[in-house]
Amino acid sequence: MGWHNRFFHPEGLDAETPRRLYALFDQREGETLLLEAVDADWFEDSIGPGADFTVWRDRSRDARLSVLEIAERSFRRWNPVQLPHGKDELEDEGPREWIEVTLGAGPEEGLLYLSLFGVARPIGIEDMRAAPANVAAGLDEAFDLEPHVVDEDEIREALDGLKTQIDWVGVYDVGQGAATALCDNHGAPIAYFDLGGGVLANKGTFSNAFTDICTSYEPPVILSHWDWDHWSSGNRFPVATSLTWIVPNQKLGAVHGTFAAAIAANGRLLVWPGGLASLRIGQVEIEKCLGTSGRNHTGLALLVDGPAGEPPILLTGDARYTAIPSGLGNPISVVVPHHGADMRSHSTPLCLGQPAARAAYSYGPSNSFSHPRHCTYVDHDFNSWPHRALTPGSSAIDRHTADRPGGQLGHIALGWSSTAPTPTQGCLGKKCSLQLVQR
Ligand SMILES: [Zn+2]
Ligand SMILES: [Zn+2]
């Protein structure tokens with residue numbers, strides 16, 4: 169049990185710079201692209217062609233992983249595969265082809281992270297091209313989660329604990345990322361929805377005061393989508409990968425594939441089956457998102473009704489409301505999509521205006537993405553979610569994990585009653601760092 173591969177060690181272990189990488193586009197951050205990569209020589213020696221995810225799963229503990237950060241203009245100069253043009257691309261939209269990168273001589277053109285929680289080093293690029301077709305096919309095969317796809321019954325069985333009454337939703341302050349939970353009347357998690365936090369350039373946004381999660385219920389973790397700021401705390405807290413994770417089936421590269429392998433090795437990896445549009449259990453409805461490209465809009469979203477049948481709280485992950493089947497229904501409260509990013513879609517649900525209604529934002533102070541964006545405040549405020557930036561005064565209902573009142577972690581409590589007292593963790597904060605502080 170633990171952090172599985174050295175790339176995930178929370179202390180940010182040092183490693184040797186590889187010579188050659190097989191890399192896959194992960195996301196863009198303004199004019200910068202991030203690619204997740206594996207040492208190509210290691211992959212050929214240790215995995216080779218014709219291996220499926222079961223082979224990767226069993227050998228990836230030793231995989232030499234990295235994340236390559238490169239300016240968009242440099243990428244376009246090498247032009248290994250076509251990058252969509254125009255200013256309208258979303259952060260997770262980009263090429264899906266494998267790229268072979270040779271590092272070495274040449275001016276410093278990028279940064280290489282050899283740890284998810286480490287510091288990047290500058291690197292030169294000697295060559296960058298599309299990976300040969302047979303190599304790309306082998307990589308696709310190795311990272312295909314197919315061997316872990318389960319049927320609906322197995323997911324229902326894993327989520328049986330959700331028949332317990334849910335009284336609160338905790339939106340945790342994990343810095344730049346997201347971690348939320350469906351909680352009992354003490355605020356203890358019955359299930360998590362995402363368990364991420366700040367990594368790479370944003371690792372400093374994760375507070376040192378956050379020392380442990382609560383696993384009293386052996387809560388399953390439902391992953392909205394494969395994005396490291398939504399699962400990285402699975403490495404910060406060693407117990408997390410021994411839980412059951414219910415995850416969407418998305419195209420993965422080496423870093424995501426190795427985290428999936430860590431769950432399969434330590435806990436249970438249940439991959440959402442194709443054709444299952446939604447699943448209802450107790451107060452909870454999990455919905456498969458309807459997006460057509462990118463990971464953000466094609467994963468899982470969750471709605472949780474109140475214990476007395478009140479309207480739901482909507483947990484969006486990074487999906488825009490229009491990609492979630494019930495995204496434009498009438499939730500009592502929302503966790504605003506994608507840390508408040510500009511979603512290039514102005515649609516928001518209409519706020520019911522109930523006393524407990526809130527719009528919660530999960531992001532880290534001074535993050536590199538400039539989340540949240542003012543346009544997101546405007547789009548919500550317009551639909552009757554008064555925001556402090558536009559509607560000053562006590563009527564504002566936006567809450568921000570980055571606020572950290574009194575220097576505490578900025579965990580937000582969402583509920584259905586505005587008069588019920590904020591729950592107190594059963595351990596009184598002695599065992600976990602999940603005490604909710606904002607309402
Ligand atoms: Zn994302
Ligand atoms: Zn995210």
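For the sequence shown, the working numbering assigns the number 169 to the initial residue and increments by one for each residue that follows. Built from N, CA and C at the ideal position, the CB exists for glycine as well.
Have a look at residue i and residue j and give me their C-alpha separation to the nearest angstrom.
i	j	result
Asp328	Tyr529	29 angstroms
Ile565	Ala527	6 angstroms
Ser410	Asn302	35 angstroms
Arg225	Gly575	41 angstroms
Gly594	Leu577	18 angstroms
Leu558	Ala310	49 angstroms
Glu197	Glu453	32 angstroms
Ser552	Ser461	30 angstroms
Leu447	Cys457	12 angstroms
Gly508	His514	12 angstroms
Tyr531	Tyr190	30 angstroms
Ala627	Asp182	The structure shown does not extend to residue 627, since the chain is modelled only from 169 to 607, so the question has no answer here.
Thr587	Ala239	50 angstroms
Glu204	Gly364	17 angstroms
Pro357	Tyr385	7 angstroms
Leu496	Arg488	10 angstroms
Ala476	Ala581	18 angstroms
Ser228	Phe211	10 angstroms
Glu455	Ile492	7 angstroms
Arg607	Ser392	24 angstroms
Ala304	Arg512	32 angstroms
Val502	Arg567	10 angstroms
Quick check on this structure: which residue in the options has the alpha carbon closest to the alpha carbon of residue i?
i	options	result
Gln603	Gly459, Glu265, Pro406, Thr379	Thr379
Leu313	His514, Val439, Phe550, Ala469	Val439
His579	Ala369, Cys351, Pro416	Cys351
Arg232	Asn434, Asp549, Gly435, Gly425	Gly425
Val472	Ser461, Asp321, Gln333	Gln333
Arg324	Ala349, Ala359, Phe176, Pro480	Ala359
Asn464	Ala433, Ile431, Pro416	Pro416
Val389	Ala433, Ala326, Pro290	Ala326
Gly338	Ile381, Leu496, Met296	Ile381
Glu277	Leu201, Gly286, Trp394	Leu201
Trp266	Leu444, Gly421, Gln344, Gly467	Gly421
Tyr281	Ile431, Arg244, Leu368, Ile293	Leu368
Gln344	Gly355, Ser375, Gln195	Ser375
His542	Thr569, Glu184, Val503, Asp510	Asp510
Glu322	Leu468, Val269, Val504, Leu444	Leu444
Val613	His177, Glu199, Thr544	The question about residue 613 has no answer, for the chain in this structure spans 169 to 607.
Val605	Trp584, Thr590, Ile431	Thr590
Leu470	Thr348, Thr412, Ser401, Pro533	Thr348
Ser185	Glu259, Val206, His316, His253	In the sequence under discussion, the amino acid at residue 185 is Thr, which differs from the Ser named in the question. It is Val206 whose Cα lies nearest to the Cα of Thr185.
Thr236	Ser538, Ile431, Thr592, Val423	Correcting the residue type first, residue 236 is Leu in the shown sequence and not Thr. Residue Val423 is the option with its Cα nearest to Leu236.
Specify, as a first and last residue, the run of the beta strand (DSSP E) that residue i falls within.
i	result
His568	566-568
Ser501	501-503
Phe361	357-363
Ile323	Here Ile323 belongs to no beta strand (DSSP E); instead the alpha helix (DSSP H) covers 320-326.
Leu271	267-281
Trp336	336-339
Glu237	233-239
Val452	452-456
Phe193	188-197
Ala690	Nothing can be reported for residue 690, as the shown portion of the chain is limited to 169 through 607.
With respect to 6 angstroms, is the separation between the Cβ of residue i and the closest non-hydrogen atom of ligand 3 below this value?
i	result
Asp395	Judged by which ligands are present, ligand 3 is missing from the structure shown, whose ligands are ligand 1 and ligand 2.
Considering just the uninterrupted stretch of the alpha helix (DSSP H) at residue i, what are its terminal residues?
i	result
Ala581	Looking at the DSSP string, Ala581 is not in any alpha helix (DSSP H); the run it does join, the beta strand (DSSP E), is 580-582.
Ser401	401-404
Asp213	208-214
Gly292	From DSSP, Gly292 is part of no alpha helix (DSSP H) but of the beta strand (DSSP E) over 289-298.
Arg225	221-227
Leu307	301-310
With a floor of 3 residues, list each beta strand (DSSP E) that falls wholly inside the region 379-447, ordered by position along the chain.
412-415, 436-439
Enumerate, from N- to C-terminal direction, the unbroken beta strand (DSSP E) stretches of 3 or more residues contained entirely within the region 469-549.
481-483, 501-503, 527-529
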